[in-house]
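Asks:
Numbering (full-length UniProt numbering), first residue to last: 1 to 164.
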């Protein structure tokens, strides 16, 4: 068993950690176990990941295979909502002193947008978003999404009728 340590500095621009090196490493190696540690140094957040791994047998690497970007499955309005939730997530993570992915990863954010979550019950369909996260973040996420929704056709008709 081999060990590897990665340390990532928080990027203000993206609201997260650039983990490209870790992603590449995990495609080439078989990760057996990992632990993460979040800390701040000189008022800047860092994430350290400790890995125990072994080499993958030859021919089993996934080189050239990249994870699909969750935004690619969203329409234009959903992409706007996705970005709004990510911005909220980054602000909340900074407030709590944790990395944004600990609130929800990008795939979960895209799922929330696609499912058009309106109640805590709707979050049950978001894979990996459990009771603790639902009770802690669901209401704020719903408020964020509802504040940026396009009115559906019935609401548009009511608005137009009221304007005349």
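Cβ atoms here follow ideal geometry from the backbone N, Cα and C, with glycine treated the same way.
Comparing alpha-carbon positions, which option in 107, 123, 112 and 47 lies nearest residue 68?
Replies: Residue 107 is the option with its Cα nearest to residue 68.
Asks: Reducing DSSP to helix, strand and coil, say where residue 146 ends up.
Replies: Helix.
Asks: Would the beta-carbon of residue 137 fall within 7 Å of that of residue 110?
Replies: Cβ atoms of residue 137 and residue 110: not closer than 7 Å.
Asks: Look at the Cβ atom of residue 21, then the Cβ atom of residue 51, and state whether they are nearer than 7 Å.
Replies: No, they are not a contact pair.
Asks: If we count the other Cβ atoms within 10 Å of its Cβ and call it buried at 16 or more, is residue 45 buried or exposed?
Replies: Buried: at least 16 other Cβ atoms inside 10 Å.
Asks: Could you tell me the alpha carbon to alpha carbon distance between residue 57 and residue 80, rounded to whole angstroms?
Replies: Using only the alpha carbons, I get a separation of about 42 Å.
Asks: Taking C-alpha atoms, which residue in 36, 149, 24 and 23 lies nearest to residue 84?
Replies: Cα-wise, what sits closest to residue 84 is 149.
Asks: Would you decide whether residue 97 is buried or exposed? Buried here means 16 or more other CB atoms lie within 10 Å of its CB.
Replies: The residue in question, residue 97, is exposed, as its Cβ has fewer than 16 Cβ neighbours within 10 Å.
Asks: Per DSSP, what kind of secondary structure is residue 85 in: helix, strand or coil?
Replies: Looking at residue 85 - three-state DSSP - the assignment turns out to be helix.
Asks: Using the C-alpha atoms, what's the distance from residue 40 back to residue 158?
Replies: Residue confidence for residue 158 is low, a pLDDT of 40 falling below 50, so the modelled location carries little weight; the figure read from the coordinates is stated next. Cα to Cα, the separation comes out at about 51 Å.
Asks: Which whole-angstrom value is the C-beta distance of residue 134 and residue 114, which I expect to be below 8 Å?
Replies: The pair is not a contact, with the Cβ atoms about 17 Å apart (cut-off 8 Å).
Asks: Could you spell out where the beta strand (DSSP E) holding residue 129 opens and where it closes?
Replies: Note, residue 129: premise wrong, no beta strand (DSSP E); not H, not E.
Asks: Helix, strand or coil for residue 138, going by three-state DSSP, please let me know.
Replies: Correct three-state label for residue 138: helix.
Asks: Quick one: grab the DSSP three-state call for residue 94.
Replies: Here residue 94 sits in helix by DSSP.
Asks: Within its chain, find whatever has a CB closer than 8 Å to the CB of residue 93; leave out the 5 residues flanking it on each side and keep chain order.
Replies: Same-chain partners within the cutoff: 15, 99, 100, 102 and 103.
Asks: Please name the residue, chosen from 42, 47 and 116, that lies closest to residue 74 on a Cα-to-Cα basis.
Replies: When each option's Cα is compared against that of residue 74, the closest is 116.
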